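Data first, discussion second: the structure below is written as structure tokens.
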Amino acid sequence: MSNDLDPATRDQWYVIESREDLRTDQPRRTRLLGRPILGQRSTSGAVAIHEQSEDGDSLRELPCVERYGYVWTTLGAPAKPLFDMPEFEEDGRHLVICGVLTVRTSPGRIVENFLDMSHFPFVHTDILGAEPMTEVTPYKAKLDESSGELWVTDCGFYQPQAMAASSGGAEVDYRYRVAQPYSAVLYKSSPGKAGAFDLIGIFPQPLEETACDVHCFMLVYDDISSYEGMLQWQQGIFLQDRIILENQRPARLPLNPRAELPSRADTSAIQYRRWLKNLGVQYGVA
Amino acid sequence: MIRLYDFVLSGSCYKVRLFLSILGQGYETIPVGFYPAKEHKKPEFLKLNPLGQLPVLRDGDLVLRDAQAILVYLASKYDQSGHWYPNEAAARGRVSMWLSFAGGEIMAASAARLHDVLNYPFDVASLRESARKAFVILDDHLAEQELFDCHWVAGPEPTIADIACFPYVALSNDGGIARDEYPAIERWLIRVMALPGFIDMPGVLTPWPGEATGEQAV
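Protein sequences appear in the order of chains A and B. Just so we're aligned, residue 1 is where the first sequence starts under the numbering used here, counting upward by one. Just so we're aligned, residue 1001 is where the second sequence starts under the numbering used here, counting upward by one.
This is the structure we're talking about:
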């Protein structure tokens, strides 16, 4: 059934819905990696997820995990449990679940754009960056041996409005964690609490190779913004990216370093694509 | 203080945000949880606007729904120049005609965008078809205007009709509608984006400083 998917793609945990939006009266009919999926919450609260045939017959039940405000599933057999985000246990943080936004491109393009800082002054002008502070200073991208995750560290960028809670410009420290090929979280200095990091994560759910439902969250220290204020701030940033993403060609992320001219000479892009290639990812790539 | 009930991704709310910026008029934003909360359909909001739609504007005791109506009010009350909502009968008729078009035929492009971005269960092929028909009409009209040296939708000067028509045309790519076949629209979009006080919104790509302006292309 899922045998034609490469294992690196198949054996990941994928978000298919937020916990709050999967209700007894509101099942989630969607697709995952091209397969019809049905997620249902029973009156007892338990969630069941099934892979279906195109005619709607149930083919098999899939594993399910409810965590971090989301419902996760997999079409394969992940080697590890769902990755840890211990910050979710910390007091004082607000979790903002941003809703699902559909983007017509591959999951690799979405993650790579998330890792990229060079577009901040041009796409998120006067928010995440501004001219003339356009230089991306050297940073590190490294595969963590013990976890198998790709980490991009030592990033810094001047941001006119780093988060909804920001009252002015600041130098912001960034770290990116690609916990699975198609799951990325960033940690950035929190304007709401000195010394702490706010989290923003994106979990693209590939409907097809070049169409994704993107689930996005923020876990932040912010005692001044309203919930809607924080949410709409992030939704605005995401829609600014969406138009760029949908114009990138090819939609499948090129992994061969010679296939695409080095317009992406960025360390994070090079390392991310190399990582996917070494894992043997074939879905959604060129 | 003017208060605007607003959603960041709404093109209709953007019509009001854009015009308030052009007028240089301050206001307070009240974000309403359009998505995913659907707050605009809940009882609390329906008391404010029984149609369950954004934007809503409050100014003193006045409460107005409908982006086009809000533009008429703001221009009438706050515009010093008089050209945004001209007094002369024929000009006012033309402005109204294109305001109705902005709230009517163009909205197929808005619905296509809701389908593509937020998964609204619409017949998107049919919506795109309707939007293209509206764009042909707008493109033909703008091209004809140019022949008479008019660079705006309702006459020789920018009016609230331009503000009302702009957002969902500029956001058409979000709904899978390309604009390569509408060169007069493309030239007009650039002119709108060059207006003093212009602000963009996510999904609207403004030309970079130094890029072509509308005047060159005619």
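All C-beta atoms in this analysis are idealised placements derived from N, C-alpha and C, irrespective of residue type, glycine included. Here the structure is a predicted model, which is why all the values come from computation and not from measurement.
Following the DSSP letters along the chain, one finds His-1115/B in no beta strand (DSSP E) but inside the alpha helix (DSSP H) bounded by residues 1107-1118. Note on Pro-107/A: 16 or more other CB atoms within 10 angstroms of its CB, so buried under the neighbour-count rule. Residues of chain A with a Cβ closer than 7 Å to the Cβ of Pro-1202/B are, in chain order, Gly-236, Leu-239, Gln-240. Beta-bridge analysis with DSSP links Pro-1121/B to no other residue. Between Ile-16/A and Gly-45/A, the CB-CB gap reaches or exceeds 8 Å. Within chain A, the residues whose beta carbon sits less than 7 Å from that of Pro-1036/B are Asp-21, Gly-99, listed in sequence order. For Thr-210/A, not one C-beta of chain B is nearer than 8 Å to its own C-beta. Ser-1081/B and Met-1201/B have their C-alpha atoms spaced approximately 25 Å apart. Linking Gly-169/A to His-124/A through their CA atoms gives a straight-line distance of about 14 Å. The alpha-carbon separation between Phe-157/A and Gln-180/A amounts to approximately 25 Å. For Leu-1054/B, the secondary structure class from DSSP, reduced to helix, strand or coil, is coil. If one requires a minimum length of 4 residues, the alpha helix (DSSP H) runs lying completely within the region 88-150 of chain A are 107-115, 120-123, in chain order. For Thr-73/A, the enclosing beta strand (DSSP E) begins and ends at 70-73. Sixteen is the threshold: since fewer than 16 other Cβ atoms of the shown chains lie within 10 Å of the Cβ of Asp-84/A, the residue is exposed. At a cut-off of 8 Å between beta-carbon atoms, Asp-1116/B makes contact with chain A. For the pair Leu-1142/B and Ala-1109/B, the Cα-to-Cα distance works out to about 18 Å. Here the alpha carbon of Pro-132/A sits roughly 33 Å from the alpha carbon of Gly-1176/B. A distance below 7 Å between beta-carbons, with the five flanking residues on each side excluded, links Ala-8/A to the following residues of its chain, in chain order: Pro-181, Leu-279, Gly-280, Val-281. Contacts between Leu-1009/B and chain A, judged by CB atoms closer than 8 Å, involve Gln-232, Gln-235, Gly-236, Leu-239 in chain order.
Leu-115/A is positioned such that its CB atom lies closer than 8 Å to that of Tyr-272/A.
A buried status is given to Asp-213/A, since no fewer than 16 other beta-carbon atoms sit within 10 Å of its beta-carbon. The DSSP-derived three-state label of His-50/A is strand. Note on geometry: alpha-carbon atoms of Pro-1036/B and Ser-18/A lie some 10 Å from one another. Between Phe-1101/B and Cys-1165/B, the gap from beta carbon to beta carbon is short of 8 Å.
For Gly-1033/B, the closest Cβ of chain A is nearer than 8 Å. Taking 8 Å as the threshold, the shortest C-beta distance from Asp-1174/B to chain A falls below it. Identification of chain A residues near Leu-1205/B by a Cβ-Cβ cut-off of 7 Å yields Ile-243, ordered along the chain. The beta carbon of Asn-1119/B sits closer than 8 Å to some beta carbon of chain A. The Cβ atoms of Gly-1011/B and Leu-239/A lie no closer than 8 Å to each other. Judged by DSSP secondary structure, Tyr-1168/B falls within the alpha helix (DSSP H) whose first and last residues are 1160-1170. Residue contact check for Thr-102/A against chain B: a CB pair falls below 8 Å. Taking all protein chains shown into account, Ala-1069/B has fewer than 16 neighbouring C-beta atoms within 10 Å of its C-beta and is therefore exposed.
DSSP, read as helix, strand or coil, puts Lys-1047/B in helix. Per DSSP, Gln-26/A is not a residue of any alpha helix (DSSP H), being assigned neither H nor E.
Between the region 217-230 of chain A and the region 249-258 of chain A, the count of C-beta pairs closer than 8 Å stays below three; the two stretches do not touch.
In the DSSP assignment, Cys-1150/B falls outside any beta strand (DSSP E) and carries neither an H nor an E.
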